[in-house]
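Have a look at the structure below before the remarks.
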Amino acid sequence: MAAKCERQYNDTTMDYRFADDEREQIDIPKVKLTMSVQSYMYEPVSQSQRIAGAESPVGFKISHEITDICHKEDLPCTRRNIRVVLPSDSKGVFSESYFIAAIDFGTSYSGYAFAVIPPNTDIKNVKIYSNQAWNSGNNEAVSLKTPTSLLLNKDKEIISFGYEAENDYSDAMCDGVQDDYYYFHRFKMELYNSKDITSTMTIKDAGGKYMYAVEVFAFSIKALKDHLEEHLKRNKVQTNADKTKWILTVPAIWTDAAKQFMRKSGEMAGIPHNKLFIALEPEVASVYCQCFPPLGGLDIGSTGSKYLIADLGGGTVDITAHETLIDGSLKELTKAYGKNCGGNMIENHFIEAIFGSEFLEVYKKQYPDSYVYLLRCFESKKRTIQSNKSGFVNVTVQYTTLDKVCETKFGTGLREHISLKFGHDKVKVYKDKIRIDLMYAKSLFTGICKDISLLVQDVLQRVNTFNLKHIVLVGGFAKCWLIHEYLQTSFPKLDVIVPEDSDLAVLKGSVLFGYKPDIISYRIIRYAYVILATPPFIENVHDVKRKIYFDGSARCNNVFVPFMESSTLVSRNTEVKRRYNTSERFQTGHWIQIFYTEKENTQYTDDISCRKLGELIVNIPTPSLEKRSVDVVFHFGDTELTVTACDTEAKTKCSVFFNII
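If you want it as structure tokens, here you go:
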């Protein structure tokens, strides 16, 4: 049966040139293929009729213009009524195209984007598609993404994700059956807050029930993946599995363990290991701005241009600096700096300032659906506050639930509690609205603004600022006017720029990065890495308390001798090789402990700043009586640290298990 290439999207069109030079638009992808066309199906509004000569294959080639000698039937038609039918033995229009799917898994909101990219397409000509159908069911939706909320049944099966999960859980609360479900909301920060990330760590849902964190992340990624695949199926988008890539975003300040955790979650969600790639959020946002420069920063793509890129997300703020090289690729100028001072802190500050932190915990537990609604209301308002405005911020609330918890917690209703705490100046209640004086509201931003400003200052102190002109703000929190104004005042010599689609820069940039990962040509190593070693003891250098004896010689225990230093500039595919020799007959492998630290001049692996990264197990093929040597290669320069190994004598690869989590 002939493979049909039907209309894909309205903005991907071709000309159909007829012999009489009349033209019509045909909605098919702009791709270059060399194959015979079996037939054209010309479908008028009222009937279907083949163009003359369509019964036998014609031998012209499909390119950006289709040329054929045939006559045009005098029939009414529209663009969507034109169809090209390809030979049954062809692989189809998308057979040679790359399919890049990106999932931006955020603290507050998540989403996906994708692109079907013909070979040799310039990165600046990539057309990126994202889902536009997320619907909250009310007027408080503030993003083109959907909330990072997951609802599972008691058998740990996905019920819904995003706005749908929030609404379904609200219904369960109303029906009194919420204990039959697992509901998770804004849980990504668990990976930032946890010092020891493992595959067995647990997180608590809204009702106090625990699940393995990796399962919660995996179910969430799967929900987004399934939604995307259904979107593709519904729109008849064909993909080639061999040319498919999946991109998962993470903050640049995350540890290697957190990255491996996300990778494991993605693989559990059904993404093949070799098709899954980790992208760093500020980095891919920078790629997007390179390809589609924002107003006010049209020169950031110029050779030698330097700029700061700050990803202001819901949970974290992630800042780095890039320089545009002569080949159009990017060079990282400093390792990323950041902390948990994202936009969610503002909503928490507002609620805690008005009600107190203890109230917040009670309200969250008793009325999680109302709590989410309250957060969303404050979130939408925080973006509208400007320094030159006065008056009040009006926040619509669910009065009944707030009033009940105030009665329980404070012994007075909502109106009385607000009146007793603030009088009639800073905060007051009018019907179903909490009215907050703008001057007081702006004061609640001060701490976050200072934190972000200090991070920017830290980055600027570590780079050569010659030719550095811009601070580019991306992420949902970047649309907050007060942040923009504060940074512009703090750094008057730099232009603070917020791209029009700043909240989608990471998502769209991830697709571009998946297509051209070598667009980031140099990175700065975030940590110093070391293998546990016991070198010869040196008097007056090593701590005498660490002296041990091995085979009669004095050695120093737990010395930090890095094989990669922190803040080292590396290109992609940088390799560090270490050789290990067997010490026993028929030794089956090597067990290597790896440590890391951000602190400079660390001396010992048991220093408080030094942490164990993981264990590297290298299996030796065909163990033998003789001593064997193995070269272990650490690969730096990409978004993840990877390891390979090779038997030096047999020249065969050794299986390597690098367990971080």
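Residue numbers for the sequence shown follow numbering that gives the first Met the number 0, beginning at 0 and rising by one. For each residue, glycine too, the CB sits at the ideal point set by N, CA and C.
Q) Given that a residue counts as buried once 16 or more other Cβ atoms are within 10 Å of its Cβ, and exposed if not, what is Val655? A) By the neighbour-count rule (16 or more Cβ atoms within 10 Å), Val655 is buried.
Q. Within this structure, are the beta carbons of Tyr514 and Tyr97 separated by less than 8 Å?
A. A distance below 8 Å separates the beta carbons of Tyr514 and Tyr97.
Q: Would you mind reading off the limits of the alpha helix (DSSP H) that contains Arg627?
A: Looking at the DSSP string, Arg627 is not in any alpha helix (DSSP H), and its letter there is neither H nor E.
Q: Report the option in Tyr526, Pro535 and Pro622 whose CA atom is closest to the CA atom of Phe594.
A: Phe594 has its Cα closest to that of Tyr526, out of Tyr526, Pro535 and Pro622.
Q) In chain order, what residues of the same chain lie with their CB nearer than 6 Å to the CB of Leu401, ignoring the 5 residues before and after it? A) Only Leu413 meet the Cβ criterion.
Q: Would you mind stating whether Met563 and Phe657 have Cβ atoms separated by less than 8 Å?
A: If you check the CB distance, Met563 and Phe657 do not come in under 8 Å.
(Q) Please classify Ile325 as buried or exposed, where buried requires at least 16 neighbouring CB atoms within 10 angstroms. (A) Residue environment analysis places Ile325 among the exposed positions, since fewer than 16 neighbouring C-beta atoms fall within 10 angstroms of its C-beta.
Q: Name, in chain order, the residues that DSSP records as bridge partners for Arg577.
A: Arg577 is bridged to Val631.
Q) Is Asp317 closer than 8 Å to Glu675 when the C-beta atoms are compared? A) Since the displayed the chain opens at 0 and closes at 660, residue 675 lies outside it and no answer follows.
Q) Between Ala278 and Gly422, what straight-line distance do the alpha-carbon atoms span, to the nearest angstrom? A) Ala278 and Gly422: Cα-Cα distance of roughly 49 Å.
Q) If you compare alpha carbons, which of Leu294, Ala171, Glu583 and Asn134 is closest to Asp500? A) Closest by alpha carbon: Leu294.
Q. Beta carbon of Ser129, beta carbon of Leu481: below 8 Å?
A. Remark: C-beta atoms of Ser129 and Leu481 do not approach each other more closely than 8 Å.
Q. DSSP state of Ile325, grouped into three classes?
A. Ile325: coil per DSSP, three-state reduction.
Q | Nonlocal neighbours in the same chain, by C-beta distance under 7 Å from His230, ignoring five residues either side | A | Asn130, listed in sequence order.
Q) Looking at Thr647 and Leu531, is the spacing between their C-beta atoms short of 8 Å? A) Note that the C-beta distance between Leu531 and Thr647 is not below 8 Å.
Q | Residue from Ser608, Cys288, Arg577 and Thr621 with nearest C-alpha to Phe585 | A | The shortest Cα separation from Phe585 among Ser608, Cys288, Arg577 and Thr621 belongs to Thr621.
Q | Collapsed DSSP secondary structure at Lys203 in the structure displayed | A | Three-state result, Lys203: strand.
Q: Hey, could you find the ends of the beta strand (DSSP E) Thr596 is sitting in?
A: Boundaries of the beta strand (DSSP E) harbouring Thr596: Gly588 to Thr596, taken from the DSSP string.
Q) For the candidate residues Ile518, Thr581, Tyr548 and Gln259, whose alpha-carbon lies nearest to that of Leu190? A) Comparing Cα-Cα distances from Leu190 to each of Ile518, Thr581, Tyr548 and Gln259, the minimum goes to Gln259.
(Q) I'd like the ranges of any alpha helix (DSSP H) spanning at least 4 consecutive residues and lying wholly in the stretch 421-485. (A) The qualifying runs are 437-442 and 445-460.
Q.
By the DSSP assignment, the beta strand (DSSP E) with Pro561 in it spans what residues?
A. For Pro561, the uninterrupted beta strand (DSSP E) segment begins and ends at Pro561 to Met563.
(Q) Rounded to the nearest angstrom, what separates Ala246 and Ala101 at their Cα positions? (A) Per the sequence shown, residue 246 should be read as Ile rather than Ala. If you take the alpha carbons of Ile246 and Ala101, they lie about 4 Å apart.
Q: Classify Asp646 as helix, strand or coil using the three-state DSSP reduction.
A: DSSP places Asp646 within a strand segment (E or B) once states are collapsed to three.
Q: Assign Arg627 to buried or exposed, taking buried as 16 or more other Cβ atoms, counted over all protein chains shown, within 10 Å of its Cβ.
A: It is buried - the Cβ of Arg627 has at least 16 other Cβ atoms within 10 Å.
Q.
Strictly by DSSP, which residues pair up with Met210?
A. For Met210, the beta-bridge partners assigned by DSSP are Ile202.
(Q) Whether or not the stretch 566-584 and the stretch 547-558 are in contact is what I'm after, with contact meaning three or more pairs of Cβ atoms, one per stretch, closer than 8 Å; do they touch? (A) Contact fails: fewer than three Cβ-Cβ distances are below 8 Å.
Q) Can you tell me the Cα-Cα spacing of Ile384 and Cys448, whole angstroms? A) Rounded to the nearest whole angstrom, the CA to CA distance from Ile384 to Cys448 is 13 Å.
Q: Spell out the partners DSSP gives Lys187 in its beta bridges.
A: DSSP output for Lys187 lists no bridge partner at all.
Q) So, using beta-carbon positions, are Ala649 and Val629 closer together than 8 Å? A) Not closer than 8 Å, so no.
Q.
Let's see if you can read the secondary structure: which residues bound the alpha helix (DSSP H) around Leu511?
A. Residues Ala504 to Tyr514.
Q | Three-state secondary structure assigned by DSSP to Glu614 | A | In the structure shown, Glu614 sits in a strand (DSSP, three-state: E or B).
Q) Is Glu280 helix, strand or coil when you go by DSSP? A) If DSSP states are grouped into helix, strand and coil, Glu280 belongs with the helices.
Q | Distance, Thr573 Cα to Val632 Cα | A | Roughly 10 Å separates the two Cα atoms.
(Q) For the alpha helix (DSSP H) containing Asn134, name the first residue and the last one. (A) It is not in any alpha helix (DSSP H) - Asn134 carries neither H nor E in the DSSP assignment.
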